[in-house]
Every structure is written in C-alpha cells, then in structure tokens.
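My numbering puts the first residue of the sequence shown at 3, with every later residue one more than the last.
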Amino acid sequence: MARRKMVYEGKAKILYEGTEPGTFVQYFKDDATANNAEKKDVIDGKGVLNNRMSEFFMTGLEHLGIPTHFLKRLNMREQLIRQCDIIPLEVIVRNVAAGSMAKRLGIEEGTKLPRPIVEFSYKNDDLGDPLVPEEYIIAFGWAAQQELDDIIALALRVNDYLSGVMYGVGIKLVDFKIEIGRVVEGDFQRLVIADEISPDSCRLWDIQSGKKLDKDVFRHDLGDLADAYTEVAQRLGILQVNVTQPTKPTLIN
Ligand code: TMP
C-alpha cells in the first residue's frame, strides 16, 4: 500500500494529498495548544469531536449557499476538502467583548457590543498573529479590496448562521475565527470558508449559566475540555445521549 503524502502539519490538523486531484484529506489531531503553543496537551477525542462539528457547521453553511472547502467526511478523524489557497488572515467576528479585545480595550468580558465587529489578524506564528487594519491587507496585497468586502460579508453571514444555531441550543456565540481560501473554478476564482469551525475557534457560553464550552476551558484551566466539547456536540444533536444498545436481536413485527 502506498504511503500518502503529507502536505502540511499545523497545531491541530494535518493535511494529506487527497484521493482526487484538487483535494486534500484534513486529519483532526487530539493536540490542544494555547498562547501560540506555549501551553500544550493532548485531549483524548478532541479531534473526533471537532471533525464531526466542523462537518456539521460547514454542511449547514453550504445549505445556505455559503461556499466552504468541505466535500465529505471520510472517517472519525478525517474529511475530504477542496484544495484552496489560504488567505493569510484570521477573520474574527465578535458579538460580545472577550479575550484579546476585552484585554486590549479594558472592556469587561461579557459586554455586548453595539454590533458585530469583524477584525483581522495576520496569520504568522512568529509574530503572534498580530491584529492588522484593512489598510495593511490591501497595501501588502494579502487580499484585494473587492475580496476584503466579500470576506466581511461572508464572515457576517457565518455569524448570523452560527449565532442562530447556537442560540437554538442555549449557547451564546461570543466570537469566532474563520479562515478563507481561494478556489479556482475555470476562469473564475471564488472565496470559500476553509480550515475548521469548532469550539477550538469559537467562544461559546451557556446562555443560562455563562459556563464556557470552548477552548477557554483549556486556556484558563477551567475543567475538562473534552467534556465541554461533548456537551456542545450533544446539544447540537451530533452525539446521542445515553444510547442503549439492544443486547440481543429483537423481532420487528
Ligand atoms: P481572541 O480574543 O484571542 O483574539 O480570539 C477571538 C476568537 O478567535 C476566539 O473565538 C478564538 C479565535 N481564535 C482562534 O481560533 N485562533 C487564533 O489564532 C486567534 C487569535 C483567535
């Protein structure tokens, strides 16, 4: 059997050459990192949960006509995705002040923002993914003005979708990060939502109790990360709760 070729290894995922031209296999690892990989651990089952949750969100976006890189889930830890050129930006949407915004501006975490705010970080681990203004993005050629306008519109549509889905299961979408890729289709190039959408890249708070159900649990040692992610997956109906397997064959009349 031929060994497949690894294309890229990141902190939480590995990309392999895909089974068909123009595709990659995206493998979800159990590794968790925070603070630019200063804090590291292996969380049993995280990759499996994130693979399923990312499939769930990407499929939902596709149903709304929002293009993504997702093609199909292959197994517990892998999905087939479209090859794309990743724009070197972390696109962050915030509904509520938290994390780096709360710290930078001295706003109390949990303060509702007057409207969703889209911001950009330049994807560069050596520099710690610095926040960048739109001017930089255009001036340094990371994206064209029209693309940037489209990215903002896409990010806000993803925010509407994710906020609604989460609200429906009693969770507040505080903020999230997405990455955007360019896919060439004939003479055209279009933008797709790439990477992953999972509790690794969102802040999710239980609406009733305010309990954190995202990677902040790991960042700030607040409890068991796999339990938090399992709760999100269960609420979304991705994982069944208390499934009882029949122990012997049962006759169906
Ligand atoms: P921040 O408050 O640390 O800037 O993060 C905002 C949101 O973006 C939060 O949901 C975490 C997510 N995020 C990532 O997933 N990866 C990153 O590298 C960064 C900077 C943020």
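Here a beta-carbon is modelled for each residue, glycine too, at the ideal position from N, C-alpha and C.
No experiment lies behind these values; they were computed from the predicted model shown.
Look at the beta carbons and you see the segment 107-114 touching the segment 79-99: at least three pairs across the two are nearer than 8 Å. The alpha-carbon separation between Asn-38 and Tyr-169 amounts to approximately 30 Å.
Nearest Cα to Ile-68 within the set Gly-239, Ala-155, Lys-214, Arg-205: Ala-155.
Distance from the Cα of Leu-73 is smallest, within the candidate group Ile-83, Val-176, His-65, Asp-177, for Ile-83. Collapsing the DSSP output to three states places Phe-142 in coil.
For Gln-28, the enclosing beta strand (DSSP E) covers residues 25-30.
Here the distance from the Cβ of Lys-179 to the nearest heavy atom of the ligand TMP is below 7 Å. The straight-line gap separating the alpha-carbon atoms of Trp-207 and Ile-140 is approximately 34 Å. One thing to note: Asp-216 has its Cβ no nearer than 8 Å to the Cβ of Ala-228. If you draw a 10 Å sphere on the C-beta of Val-95, you find 16 or more other C-beta atoms in it, and that means buried.
For Asp-33, the shortest separation between its Cβ and any heavy atom of the ligand TMP does not lie below 7 Å.
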